[in-house]
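S.K.:
Number of protein chains: 2
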Amino acid sequence: MSKTATFYHAGCSVCIAAENNLATAIDTSRYNVESVHLGNDQSRIAEAESAGVKSVPALVIDGEAFHINFGASLSDLK
Amino acid sequence: MSKTATFYHAGCSVCIAAENNLATAIDTSRYNVESVHLGNDQSRIAEAESAGVKSVPALVIDGEAFHINFGASLSDLK
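Residue numbers (UniProt numbering), protein chains in the order written: chain A, 1 to 78; chain B, 1 to 78.
(1) In whole angstroms, what is the alpha-carbon distance linking residue 2/B and residue 39/A?
(2) Cβ closer than 7 Å: which chain A residues qualify as neighbours of residue 64/B?
(3) To be precise: take each residue of the segment 42–63 of chain A, compare its Cβ to all Cβ atoms of chain B, and keep it if any distance is under 7 Å. Which residues remain?
(4) Does the segment 28–46 of chain B touch the segment 52–65 of chain A, meaning 3 or more C-beta pairs lie closer than 8 Å?
(5) In chain B, which residues lie with their C-beta within 8 Å of the C-beta of residue 25/A?
(6) Terminal residues of the continuous alpha helix (DSSP H) containing residue 40/A?
(7) Residues of chain A with CB under 9 Å from residue 67/B, in chain order?
(8) Do residue 67/A and residue 55/A have their C-beta atoms closer together than 8 Å?
Given below as structure tokens:
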């Protein structure tokens with residue numbers, strides 16, 4: 001059964017670099033990778049927050065949040 | 001030709017979580033993944049620094065540094 005990797009971002013330059021280089025490096029034969037633009041889809045902010053995300057870009061893998069560099073804080077997206 | 005993904009860390013709890021969940025999620029059919037413990041191998045600190053690494057854990061993919069959460073700053077490892 002595939003694991004889940006959710007890439008939360010907001011379309012910033014830091015986010016795009018992380019998506020193009022890190023999120024795309026994930027093994028899609030073992031992980032379902034989903035990219036969520038929290039600026040466009042604000043309904044997913046609460047979900048990201050409950051997974052422990054405090055800034056974007058961030059990858060949540062199996063429920064654990066990994067913040068990648070710093071693009072924007074989650075509170076700036078609300 | 002495989003790309004390179006170098007995971008720099010120092011064995012801290014943040015480092016271990018990032019290695020076990022994120023570094024291991026990378027597609028090894030497309031990337032050569034190397035794990036470097038900068039606490040044990042201080043000779044590689046300069047290399048990490050020149051790749052733009054400022055704290056660990058960090059993944060350098062194709063020469064671009066992605067800091068993952070925050071375990072320790074590179075200067076603390078010198």
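Every residue, glycine too, gets a C-beta built ideally from N, C-alpha and C.
M.R.: Judging by the given coordinates:
(1) 34 Å
(2) 17 and 21
(3) 59, 61 and 62
(4) no
(5) 3, 5, 26, 27, 30, 31 and 61
(6) From DSSP, residue 40/A is part of no alpha helix (DSSP H); its letter is neither H nor E.
(7) 67, 68, 69 and 70
(8) yes
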